[in-house]
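The working numbering applies: residue -14 is where the sequence shown begins, and numbers increase by one. First comes the structure, then the notes that go with it.
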Amino acid sequence: MNHPPSILVLDTIAYPGGSKVATRNILNAIPDKRAKVTVVTSDPNSWQGDSIDCSTLWEPRFLARQEQGVLYFLRHTLLLLSLLWARIRNGPFKVAIGASGPGVDLALYLAQPLLGYRLFQLIHGPVARSRTIGRCLLRADKVYYLESTRESLLQALAALLDPQQLNPKPSESLMESSQFEIMLNGLPRSAWPTPCQYHTPRLFWAASLLQWKGLDLLLDTLRHYFSDTQRPPATLCYIRPRETVQATIPAPQTIPGVSWHEAPENLDQLRAEG
-14 MNHPPSILVL DTIAYPGGSK VATRNILNAI PDKRAKVTVV TSDPNSWQGD
36 SIDCSTLWEP RFLARQEQGV LYFLRHTLLL LSLLWARIRN GPFKVAIGAS
86 GPGVDLALYL AQPLLGYRLF QLIHGPVARS RTIGRCLLRA DKVYYLESTR
136 ESLLQALAAL LDPQQLNPKP SESLMESSQF EIMLNGLPRS AWPTPCQYHT
186 PRLFWAASLL QWKGLDLLLD TLRHYFSDTQ RPPATLCYIR PRETVQATIP
236 APQTIPGVSW HEAPENLDQL RAEG
């Protein structure tokens, strides 16, 4: 008799975002509906309503923002304890999914020798050039990544395989192997947005305030390339990141014709009006 697959998901990001929506859609697309999914998360509110077992990731607050050095490794060693507790509560896991990126999902890699699962890594944004991240990418059984992140993955692999930047071929060859696969994010038909209107031009933007999302470039364009009378109306919806050391863009900012909405519940309506 085949046992239903048991899947462990690690979510270390303390605020909602598109990567979690994408991960939920991936989980909902699993053909075997008997699959048992356990999510260990820093943001339980983002997983409400899902038919999963959800447990809160425990970590001391002073460690939550550590992204390098001894304290970074201490942080993920402590996060490992939450994964071991999930194993005790739910039994063995066949597959583990890193829902964000190897730099923040390091605890999954530390726990893999102990828990013996296959490790699938999802990458929704650029990663840092880091030997640790390079090692994680080599360790993962499968890496699914957005095509826009490819160059950063090559740089992370090169930090480990070609630190002197003399020969990029090993990193490029690895990225062409079956271990790495481009991921196409999408929405199920049931979650498709309401069609937008086409009679009035209007700019719509929605993402977190992390600087790499490019909001600063958009704001500079709206502010400096248009007069107040020529500027197209714009709707900007944003999520304010928490517990992060990454650079963020201050919001809201006063620009005539630009309306700001923080984590709006009527996002679909605002998008349809754009």
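In this text, a Cβ means the ideal position worked out from N, Cα and C, and glycines have one as well.
Out of curiosity, what's the CA-to-CA distance linking residue i and residue j?
i, j, result
"PRO77", "VAL24", "14 Å"
"THR233", "HIS(-12)", "45 Å"
"ILE(-8)", "PRO16", "13 Å"
"ARG135", "PRO111", "8 Å"
"GLN238", "SER193", "15 Å"
"ILE37", "LYS198", "30 Å"
"VAL6", "LEU100", "27 Å"
"ARG116", "PRO241", "45 Å"
"SER163", "ASP126", "10 Å"
"LEU252", "GLN33", "18 Å"
"SER40", "ILE73", "12 Å"
"LEU195", "GLY259", "22 Å"
Please list, in chain order, all residues of the same chain as residue i whose beta carbon is under 8 Å from its beta carbon, the five residues on each side excluded.
i, result
"LEU142", "GLY119, LEU122, LEU123, PRO155, SER156, LEU159, MET160"
"ALA113", "GLY88, SER137, ALA141"
"ASP201", "ILE234"
Within its chain, find whatever has a CB closer than 7 Å to the CB of residue i; leave out the 5 residues flanking it on each side and keep chain order.
i, result
"VAL243", "LEU207, ALA219, LEU221"
"PRO217", "PRO186, ARG187, LEU188"
"GLU247", "TYR223, ARG225"
Quick one: what does DSSP say residue i is sitting in, helix, strand or coil?
i, result
"GLN164", "coil"
"ILE(-8)", "strand"
"LEU69", "helix"
"ASP38", "strand"
"LYS18", "coil"
"GLU250", "coil"
"TYR57", "helix"
"TRP245", "strand"
"THR(-3)", "coil"
"ILE224", "strand"
"THR239", "coil"
"THR229", "coil"
Considering only residues of the same chain and omitting the five flanking positions on each side of residue i, which have a CB-CB separation below 6 Å?
i, result
"GLN97", "LEU104"
"ALA(-1)", "SER27, ASP28, ARG227, GLU228"
"LEU91", "HIS61"
"ILE108", "GLY86, TYR130, THR134"
"ILE167", "GLU132"
- Taking only runs that begin and end inside the segment 153 to 221, name each unbroken alpha helix (DSSP H) of 4 or more residues, in chain order. Runs of the alpha helix (DSSP H) inside the segment 153 to 221: 154 to 160, 200 to 209.
- Task: Evaluate contact between the segment -3 to 12 and the segment 162 to 176, counting only Cβ atoms and requiring at least three cross-stretch pairs below 8 Å.
- Result: Judged by Cβ distances under 8 Å, the segment -3 to 12 makes contact with the segment 162 to 176, as three or more pairs qualify.
- Item | Uninterrupted alpha helix (DSSP H) stretches inside the segment 66 to 108 (no shorter than 4 residues) | Here the runs fully enclosed are 91 to 100.
- Message: Suppose only complete runs of 3+ residues qualify. What are the beta strand (DSSP E) ranges in the segment 104 to 142, listed by chain order?
- Response: Fully enclosed beta strand (DSSP E) runs of 3 or longer: 127 to 130.
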